[in-house]
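Here's the structure, in C-alpha cells; my notes come after.
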Amino acid sequence: MTTKTIFKQTDIDDAVKSFVFPIELTNEQKKLAADQLKQARKQLREESSPNERLAANLLQLKFQMEDYLNNKDFEENRRFGNFLKEYVEILNKKRNEFAHDISVHETLVSQLINNRRMPSEIIIIRLELHSNRTIPAEYWFRLVEKERIHKLRTNKILRTTEMKNVSNKVLINI
Amino acid sequence: MTIRNVSTEEELKIVIEPLQEIDLKKISITRYFFDWKAVANETNVYKLRLKGNDDILGLMALIDHPREQRIEVKLLAVSRENVILLHEINKKINVYEEMAGNLLAFAAKMAMTKYGELACISLVPKTELKEHYMQEYGMLDAGLSVYLELKALQKLITTYKL
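Order-wise, the sequence lines are chains A and B.
Numbers 4 to 177, taken from the numbering used here, label the letters of the first sequence in order.
Numbers 12 to 173, taken from the numbering used here, label the letters of the second sequence in order.
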C-alpha cells in the first residue's frame, strides 16, 4: 500500500493518531524546511523564560538519573555526588548558597559532591523538597543503594577476612 | 507508559525499545504499512509492545541531529488492526488507543534526556494533517515542519506520563 493510498483510505483524525507519513522533499524544500525550523526555534528560545529553561534542564537531569538507575551497570562517574554537582550547577548556585538552602554546612555539600560522604535520609528528603519534588527522594536514595550494592558485590577483601567467622558452610553448589 | 484497550477501557503498560534485527522477520508491509526493513537501514527504529508480550503494536523511525539538538520523526505507524480505514468505519473499532502519542512522547523524552533546554523533536507532516498534529500533540508551526521544544515538549512527555 502506498502512502497516498493509505492516506486516501484513512479518516484525518485517525491518521494523526496512527501515522507520521514519509514525506519526500526536493533539495530546495529541504533547505526551506531547515531555514524555517531554525528561525522558529530561535524565536521560541528568545521568547522563553528562564524558568522554562530551568525546568527543561531539571527534567534532563531527572531522565538521566532514571536511565542510569534502570541500567544494571555501576558507573564511577555517575555516583550520587556527580548528580548532585550537576543539580547545583543547573540551579546556577554557589555551594555555600546551596548549603544554606538545605540548612547544612558548606563542607558537607562539598563532601557529598566529591563522593567522600554518603547522604543521610534527611539530606535526601531535603533534596526532594528543594527540587519541589521534580527529582523524587527515591532517585537520590537509589543512587546511594546502587553504589552500596556495587561495593558489596566487588568487595573481595571483606569476603576473605570474614571467611574465618563462618563455619559449617552449606556444601552444595547451585 | 500505558495504552488503552478500547473495548475494556483497561490501561495497559507498554514498553518502547529499539527494534532488533530479529524483529525484522516479523514485520510485514501488510501489517505495518511500510517497508520498515529499508527504513531500518537509514534510521533508528523503535517498537512499541505491551509489557510481557512480544507482539509489536507500533513502530517509529527516528533520525538524531546532534548539531541541532533535534530528533526528527521520519516515520510512524501503528499495526493494521489499530487503524480504521474509511470503508471500515461503523464496522470495526481499534484494539488499542494512544500508541502514536506514546511513541512521540518517547522521542520527546529521548531528546530532553540528550539535549535538555535545547531539545527539539520535529516532523514534516502531510500538508492536510499539519493543523491536526498541532491540535493533537501541541506541536508548533515551523512552515513545512511542525516541532516541539521547551514547554510544549515537556507537556507531551507529561501528558503520556513518561
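The C-beta atom is built at its ideal place from N, Cα and C for all residues, glycine as well.
{"Asked": "Three-state secondary structure (DSSP) at LYS7 (chain A)?", "Found": "helix"}
{"Asked": "Are the beta-carbon atoms belonging to ALA116 (chain B) and LEU173 (chain B) less than 9 Å from one another?", "Found": "yes"}
{"Asked": "Going along the chain, which residues of its own chain have a beta-carbon closer than 6 Å to the beta-carbon of MET121 (chain A), five neighbours each way excluded?", "Found": "VAL147"}
{"Asked": "Name the chain A residues that come within less than 9 Å of GLY149 (chain B), Cβ to Cβ?", "Found": "Those do not exist, as GLY149 (chain B) stays about 12 Å from chain A at its closest Cβ, beyond 9 Å."}
{"Asked": "In the DSSP assignment, find the unbroken beta strand (DSSP E) run with LYS8 (chain B) in it and report its ends.", "Found": "Because residue 8 (chain B) is not part of the residues shown, which for chain B are 12 to 173, the question remains open."}
{"Asked": "Is the stretch 86-94 of chain A close to the stretch 55-64 of chain A, with three or more CB pairs under 8 Å?", "Found": "yes"}
{"Asked": "What are the boundary residues of the beta strand (DSSP E) that SER133 (chain B) is part of?", "Found": "131-134"}
{"Asked": "Give me the Cα-Cα distance between LEU155 (chain B) and ILE9 (chain A), rounded to the nearest whole angstrom.", "Found": "21 Å"}
{"Asked": "LEU23 (chain B) and TRP47 (chain B): beta carbons closer than 9 Å?", "Found": "no"}
{"Asked": "Within the same chain, show all residues whose beta-carbon is closer than 6 Å to that of ARG129 (chain A), passing over the 5 residues directly before and after it, in chain order.", "Found": "ILE105"}
{"Asked": "Could one say the Cβ of THR164 (chain A) lies closer than 9 Å to chain B's Cβ atoms, at least one of them?", "Found": "no"}
{"Asked": "For the alpha helix (DSSP H) containing SER113 (chain A), name the first residue and the last one.", "Found": "109-116"}
{"Asked": "Take ILE104 (chain B) and list the residues in its own chain whose beta-carbon comes closer than 8 Å to its own, dropping the five residues that flank it on each side.", "Found": "VAL17, SER18, ILE95"}
{"Asked": "For a contact meaning CB atoms closer than 8 Å, what does ILE100 (chain B) contact in chain A?", "Found": "ASP14"}
{"Asked": "In chain order, what residues of the same chain have a beta carbon less than 6 Å from the beta carbon of TYR144 (chain B), not counting five sequence neighbours either side?", "Found": "PRO136, MET150, VAL157"}
{"Asked": "Closer than 9 Å, Cβ to any Cβ of chain A: which residues of the stretch 39-68 of chain B, in chain order?", "Found": "ILE40, THR41, PHE44, PHE45, VAL50"}
{"Asked": "Would you tell me roughly how many angstroms separate the C-alpha atoms of ILE160 (chain A) and LYS149 (chain A), rounded to the nearest one?", "Found": "20 Å"}
{"Asked": "Does any CB atom of chain D fall closer than 9 Å to the CB of PRO136 (chain B)?", "Found": "Here chain D cannot be found, since the structure's protein chains are A and B."}
{"Asked": "Apart from the five residues on each side of it in sequence, which residues of its chain come closer than 8 Å, Cβ to Cβ, to PRO139 (chain A)?", "Found": "GLU131"}
{"Asked": "Check ILE58 (chain B) in the structure and name its three-state DSSP category.", "Found": "The sequence given here places Lys at residue 58 (chain B); Ile does not occur at that position. Three-state DSSP puts LYS58 (chain B) in a strand."}
{"Asked": "Can a CB atom of chain B be found closer than 9 Å to the CB of LYS75 (chain A)?", "Found": "no"}
{"Asked": "List the whole-angstrom C-beta distance separating TYR107 (chain B) from ILE14 (chain B), where the pair is believed to meet the contact cut-off of C-beta under 8 Å.", "Found": "5 Å"}
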